[in-house]
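Visitor:
2 protein chains.
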Amino acid sequence: MFSNGGPKQLGRREFLGALAVGGASAAGQAAPPLATSLPEPMARPGGADLAYGLPAPEEAHVERALSMTAGFPVWRTPLQRQRGVITPSGLHFAVHHNGVPEIDPRRHVLLLHGLVNQPLRFDLERLLRYPMVSRVHFLECAGNSAANALSPTALDQTLGEIAGEVSCSEWTGVPLSYLLREAGLKDTAQWVVAEGADGGSHSRSLPLKALLEDGMVALFQNGERLRPSQGYPMRLFMPGWEGNVNIKWLHRLEVTDAPAYTKDESGLYTQVLADGGIERFAFHMEVKSVITHPSGQQRLHEPHGFYEISGLAWSGRGRIARVDVSVDGGRSWTPAQLHAPVLDRAFTRFTLPWQWRGHRAELMSRATDEQGRTQPLRSEWKRRYAMHSFNHYNAVQAWRVQVDGRVENLYA
Amino acid sequence: MFSNGGPKQLGRREFLGALAVGGASAAGQAAPPLATSLPEPMARPGGADLAYGLPAPEEAHVERALSMTAGFPVWRTPLQRQRGVITPSGLHFAVHHNGVPEIDPRRHVLLLHGLVNQPLRFDLERLLRYPMVSRVHFLECAGNSAANALSPTALDQTLGEIAGEVSCSEWTGVPLSYLLREAGLKDTAQWVVAEGADGGSHSRSLPLKALLEDGMVALFQNGERLRPSQGYPMRLFMPGWEGNVNIKWLHRLEVTDAPAYTKDESGLYTQVLADGGIERFAFHMEVKSVITHPSGQQRLHEPHGFYEISGLAWSGRGRIARVDVSVDGGRSWTPAQLHAPVLDRAFTRFTLPWQWRGHRAELMSRATDEQGRTQPLRSEWKRRYAMHSFNHYNAVQAWRVQVDGRVENLYA
Numbered sequence: 001m002f003s004n005g006g007p008k009q010l011g012r013r014e015f016l017g018a019l020a021v022g023g024a025s026a027a028g029q030a031a032p033p034l035a036t037s038l039p040e041p042m043a044r045p046g047g048a049d050l051a052y053g054l055p056a057p058e059e060a061h062v063e064r065a066l067s068m069t070a071g072f073p074v075w076r077t078p079l080q081r082q083r084g085v086i087t088p089s090g091l092h093f094a095v096h097h098n099g100v101p102e103i104d105p106r107r108h109v110l111l112l113h114g115l116v117n118q119p120l121r122f123d124l125e126r127l128l129r130y131p132m133v134s135r136v137h138f139l140e141c142a143g144n145s146a147a148n149a150l151s152p153t154a155l156d157q158t159l160g161e162i163a164g165e166v167s168c169s170e171w172t173g174v175p176l177s178y179l180l181r182e183a184g185l186k187d188t189a190q191w192v193v194a195e196g197a198d199g200g201s202h203s204r205s206l207p208l209k210a211l212l213e214d215g216m217v218a219l220f221q222n223g224e225r226l227r228p229s230q231g232y233p234m235r236l237f238m239p240g241w242e243g244n245v246n247i248k249w250l251h252r253l254e255v256t257d258a259p260a261y262t263k264d265e266s267g268l269y270t271q272v273l274a275d276g277g278i279e280r281f282a283f284h285m286e287v288k289s290v291i292t293h294p295s296g297q298q299r300l301h302e303p304h305g306f307y308e309i310s311g312l313a314w315s316g317r318g319r320i321a322r323v324d325v326s327v328d329g330g331r332s333w334t335p336a337q338l339h340a341p342v343l344d345r346a347f348t349r350f351t352l353p354w355q356w357r358g359h360r361a362e363l364m365s366r367a368t369d370e371q372g373r374t375q376p377l378r379s380e381w382k383r384r385y386a387m388h389s390f391n392h393y394n395a396v397q398a399w400r401v402q403v404d405g406r407v408e409n410l411y412a
Numbered sequence: 001m002f003s004n005g006g007p008k009q010l011g012r013r014e015f016l017g018a019l020a021v022g023g024a025s026a027a028g029q030a031a032p033p034l035a036t037s038l039p040e041p042m043a044r045p046g047g048a049d050l051a052y053g054l055p056a057p058e059e060a061h062v063e064r065a066l067s068m069t070a071g072f073p074v075w076r077t078p079l080q081r082q083r084g085v086i087t088p089s090g091l092h093f094a095v096h097h098n099g100v101p102e103i104d105p106r107r108h109v110l111l112l113h114g115l116v117n118q119p120l121r122f123d124l125e126r127l128l129r130y131p132m133v134s135r136v137h138f139l140e141c142a143g144n145s146a147a148n149a150l151s152p153t154a155l156d157q158t159l160g161e162i163a164g165e166v167s168c169s170e171w172t173g174v175p176l177s178y179l180l181r182e183a184g185l186k187d188t189a190q191w192v193v194a195e196g197a198d199g200g201s202h203s204r205s206l207p208l209k210a211l212l213e214d215g216m217v218a219l220f221q222n223g224e225r226l227r228p229s230q231g232y233p234m235r236l237f238m239p240g241w242e243g244n245v246n247i248k249w250l251h252r253l254e255v256t257d258a259p260a261y262t263k264d265e266s267g268l269y270t271q272v273l274a275d276g277g278i279e280r281f282a283f284h285m286e287v288k289s290v291i292t293h294p295s296g297q298q299r300l301h302e303p304h305g306f307y308e309i310s311g312l313a314w315s316g317r318g319r320i321a322r323v324d325v326s327v328d329g330g331r332s333w334t335p336a337q338l339h340a341p342v343l344d345r346a347f348t349r350f351t352l353p354w355q356w357r358g359h360r361a362e363l364m365s366r367a368t369d370e371q372g373r374t375q376p377l378r379s380e381w382k383r384r385y386a387m388h389s390f391n392h393y394n395a396v397q398a399w400r401v402q403v404d405g406r407v408e409n410l411y412a
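So the sequence lines, in the order shown, correspond to chains P and X. The first sequence lines up with residues 1 to 412 when you count with full-length UniProt numbering. The second sequence lines up with residues 1 to 412 when you count with full-length UniProt numbering.
(1) PHE93 of chain P to ARG81 of chain P, Cα distance in whole Å?
(2) Could you tell me whether the Cβ of GLN190 of chain X comes closer than 9 Å to any Cβ of chain P?
(3) By how many angstroms is the C-alpha of GLY200 of chain P removed from the C-alpha of HIS97 of chain P?
(4) Give, in chain order, every unbroken run of the beta strand (DSSP E) that is at least 3 residues long and sits entirely within the segment 297-344 of chain P.
(5) My output table needs one value for TYR385 of chain P: the three-state DSSP class, helix, strand or coil.
(6) From the DSSP output, in three-state form, read off residue 413 of chain X for me.
(7) Using the Cβ count rule (16 or more neighbours within 10 Å means buried), how would you classify GLN355 of chain X?
(8) Taking DSSP as the reference, what is the three-state secondary structure of ALA48 of chain X?
(9) Suppose the cutoff is 8 Å on Cβ atoms and the five residues either side in sequence are ignored; what does the same chain contact list for THR262 of chain P look like?
(10) In the DSSP assignment, what are the bridge partners of ASN222 of chain X?
(11) Buried or exposed, going by whether 16 or more other CB atoms sit within 10 Å of the CB of LYS288 of chain P?
(12) DSSP beta-bridge partners for PRO73 of chain X?
(13) Use the C-beta contact count for MET68 of chain P: other C-beta atoms within 10 angstroms, 16 or more gives buried, fewer gives exposed.
(14) Identify which residue in P:ASN144, P:GLY277, P:VAL327 has its Cα closest to the Cα of ALA70 of chain P.
(15) Is ASP198 of chain P buried or exposed, if buried means 16 or more other CB atoms sit within 10 Å of its CB?
(16) Note down, in chain order, each residue of its chain lying with its Cβ closer than 7 Å to the Cβ of TYR130 of chain P, except the 5 sequence neighbours on either side.
(17) Sort P:THR368, P:ARG225, P:GLU40, P:ALA361 by Cα distance to ALA321 of chain P and report the nearest one.
(18) Using a Cβ-Cβ cut-off of less than 9 Å, list which residues of the segment 119-141 of chain X approach chain P; keep chain order.
(19) Between the alpha carbons of ILE86 of chain P and TYR232 of chain X, how many angstroms are there, rounded?
(20) Taking Cβ-Cβ distances below 8 Å as the criterion, which residues of the segment 67-90 of chain X are in contact with chain P?
(21) In whole angstroms, what is the alpha-carbon distance linking ALA260 of chain P and GLY47 of chain X?
(22) Where TYR411 of chain X and ARG384 of chain X are concerned, what is the direct C-alpha to C-alpha distance, given to the nearest angstrom?
(23) Helix, strand or coil for PRO353 of chain P per DSSP?
(24) If the cut is a Cβ gap below 7 Å, which residues of chain P does ALA210 of chain X touch?
(25) Relative to the C-alpha of ARG331 of chain X, which candidate in X:LEU300, X:LEU363, X:HIS339, X:SER310 has its C-alpha closest?
(26) Would a C-beta distance cut-off of 9 Å place GLN375 of chain X and ALA163 of chain X closer than the cut-off?
(27) Determine the chain X residues that contact VAL62 of chain P at a beta-carbon separation under 9 Å, and present them in chain order.
(28) Measure from the C-beta of THR256 of chain X to each C-beta in chain P and report whether the shortest distance is under 9 Å.
(29) Determine whether the beta carbon atoms of ASN394 of chain P and ALA146 of chain P lie at a separation below 9 Å.
(30) Measuring CB to CB, does LEU312 of chain P end up less than 9 Å from VAL401 of chain P?
(31) Please work out which residues of its chain come closer than 8 Å, Cβ to Cβ, to residue 413 of chain P, disregarding the five sequence neighbours upstream and downstream, and give them in chain order.
(32) Do SER169 of chain X and SER89 of chain X come within 9 Å of each other at the CB atom, strictly closer than that value?
(33) Would you say ARG44 of chain X faces chain P, with C-beta separation under 9 Å as the test?
(34) Looking only at its own chain, which residues have a Cβ that is under 7 Å from the Cβ of VAL100 of chain X, when we skip the five neighbours before and after it?
(35) Scan the segment 169-189 of chain P for residues whose Cβ lies nearer than 9 Å to a Cβ of chain X and list them as they occur along the chain.
(36) Which chain P residues are close to HIS339 of chain X, counting only those with a beta carbon under 8 Å from its beta carbon?
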């Protein structure tokens, strides 16, 4: 039934069979006679709760991984511990070019000016009066998975350390089109320069047309106000676009007729191609996927056991159409199950049942979006970009399962 | 255009017009010349971030409301501050019959026994090996809105205080059918008695058939492990069913041929009807809705201004099909916009644009689910149940907007 340890799709019947085959060691263990003593917590009254709840103390190790990259702190989501598609706000990735500013929400003002008929300013109280929309979207740093692009050998790290500059939340805010149309756009209006109220005035130029279609001034994340790390009290949000254009601590939108070529867009966030060309204003994050379970530095404790392969896929250009999974280093591929709801520019969870037989295995996932775009192999991605380029890395992530069950990062 | 201050649905064009009508005071304010000095936070480097992020200190007032009800603490979600449909885990409602037990996840075991071929026990490590599913669902206490049912006059409270025993999360766990079928069900199996590892061994009897269809042992909430307040390390989850059957700190499932008539189901969670009949094992929470903005104790500061009426609707029996809103105390109704995705047994956000003209207004929402069930008026609900009954209260919630803009709870 699993003669090759291959990625054969299991029906419910077969899956249950698979568990039963392993007997007590692969499935639930046969129960001993009912203990006469109750579990210890049942012998005493429970403790008090908090007005704002927190994770269990036993889960304190589940936190963001910090590293200094290009001189600034990068906090990565431990995707290898996430189930489902919503990232807890406390674990959302963050890249801070200029630290986290302390902003008094009562004094913060968003200025909308430039090529408009009537410059406008909005304080929080006023913005909260506008109609709002909520959407579940991923957010990914342009530089996510940079080490996979740059390191000549695959680094032995967790998934979060490798590719944790991506998270997914429900974002709520005011469609930017309402504010822009209220100000009135002049005929020459083509771009918008958005600026944050941080110490380095992080700023980017964005095409007006796209902002009118999809842009939002986000005020809430996962049902509560934005957190300081995510731009409190307001940020720009452009679904599917690279993280750094989603300007945090947003305080100024200037409508212009041309890009401003700010330091943040002419430098770090422009990509050099292998042929010497330059990819500028390449906003969309491409189709990508990662297997979260099993993944780097996890360990499969039981050979000849059932494991569910589970992962996340996303695309900045629409919905995920399919994810194929290989457990033999790419020689054969099996379509994974996509879990509903499959939302536009959001994490989609995929799974595939797998029976591990204690052999060395190479696990890979390859996502395709509704536009038909598919992840390249690392070698293909490297051929397209210059040696030192690392932004927009979306190549297939592979994991090697060693015979002792340890899982390691692998270049496929 | 708004001659009656009525609930006329506004197109985008009209909405923008509405803003413009109010001029600088109703919409964004005309901007003064650009200040020569930058916002103060831009003049200094930003601060550090945390490995596990928290809300802004300025939002510390957004917390759960605590009250002692029937002798135990009830923590209510401040729904009047929630946008979107996901409730932050820190603000999820909780009712603690026996406090919050401290459970060591390495020692916690789930026992599955009774009318099965092979009793089984599952520790956490083992459960985490099973295939998992994730679903966005609301969870509501049977006694939510009890004060509206019992108090002879409408209490002047916030929405959270009135009806905050309901929240919505993405729940992830192992379908119970996998575990039950693995144990093997005897022919006489009809019910399952689920018991928590809390000091009062909270327990309920549930029909086996429903558990096989929809039941889950939930291990994750909103992407991270369950919090202590929500049953860490595991709870039973039955979508759309009253909160107390979703046994927290789940440690035992006993398959039986009949209900156990536990103290928790023969007492508090049985409803007495007006005709003397008894509603027992009435698990489904009914179709319900609340306007979150504007709602109790909020204040509309600007007469003759645009306000978006925004609210949440849900049903334990399926998807929300429509929500009608009245701003004139129920004399006329207008269909609200339902925001996608409209998910099964989950919060659905609805909105309706509204122009307030400074008059006394009575706002109401009335949800209908895909089964065609509609919320009753309070008088209709009261006719069905005995005078002292309060569980499963789902009558239309009304708010009165006073001429000074203050919003108050109102019995419609």
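All C-beta atoms in this analysis are idealised placements derived from N, C-alpha and C, irrespective of residue type, glycine included. Remember, predicted model here, so these are calculated numbers, not experimental data.
Guide: The relevant details are as follows:
(1) Rounded to the nearest angstrom, the two C-alpha atoms are 14 Å apart.
(2) no
(3) 7 Å
(4) 305-314, 320-326
(5) strand
(6) With chain X represented from 1 up to 412, any question about residue 413 of chain X goes unanswered, as that position is not in the structure.
(7) buried
(8) coil
(9) VAL193, SER203, ARG204, SER205
(10) Answer is none; ASN222 of chain X lacks a bridge partner.
(11) buried
(12) According to DSSP, PRO73 of chain X shares a beta bridge with X:MET68.
(13) exposed
(14) P:ASN144
(15) buried
(16) VAL174, TYR178
(17) P:THR368
(18) PRO119, LEU120, ARG121, PHE122, ASP123, GLU125, ARG126, LEU127, LEU128, ARG129, TYR130, PRO131, MET132, VAL133, SER134, ARG135, VAL136
(19) 19 Å
(20) PRO73, TRP75, ARG81, GLN82, ARG83, GLY84, VAL85, ILE86, THR87, PRO88, SER89, GLY90
(21) Cα-Cα distance, rounded: 28 Å.
(22) 17 Å
(23) strand
(24) Under the 7 Å cutoff, chain P gives no residues; its nearest Cβ is about 18 Å from ALA210 of chain X.
(25) X:LEU363
(26) no
(27) TYR52, GLU224, ARG225
(28) no
(29) Judged by beta-carbon spacing, ALA146 of chain P lies beyond the 9 Å limit of ASN394 of chain P, meaning their Cβ atoms are not closer than that value.
(30) no
(31) In this structure chain P extends from 1 to 412, so residue 413 of chain P is not present and cannot be described.
(32) In contact: SER89 of chain X and SER169 of chain X (Cβ atoms closer than 9 Å).
(33) So yes, ARG44 of chain X belongs to the interface.
(34) Contacts found: PRO228, SER229.
(35) Considering only beta carbons, the part of the segment 169-189 of chain P lying closer than 9 Å to chain X consists of SER169, GLU170, TRP171, THR172, GLY173, SER177, TYR178, LEU179, ARG181, GLU182, ALA183, in chain order.
(36) VAL133, SER134
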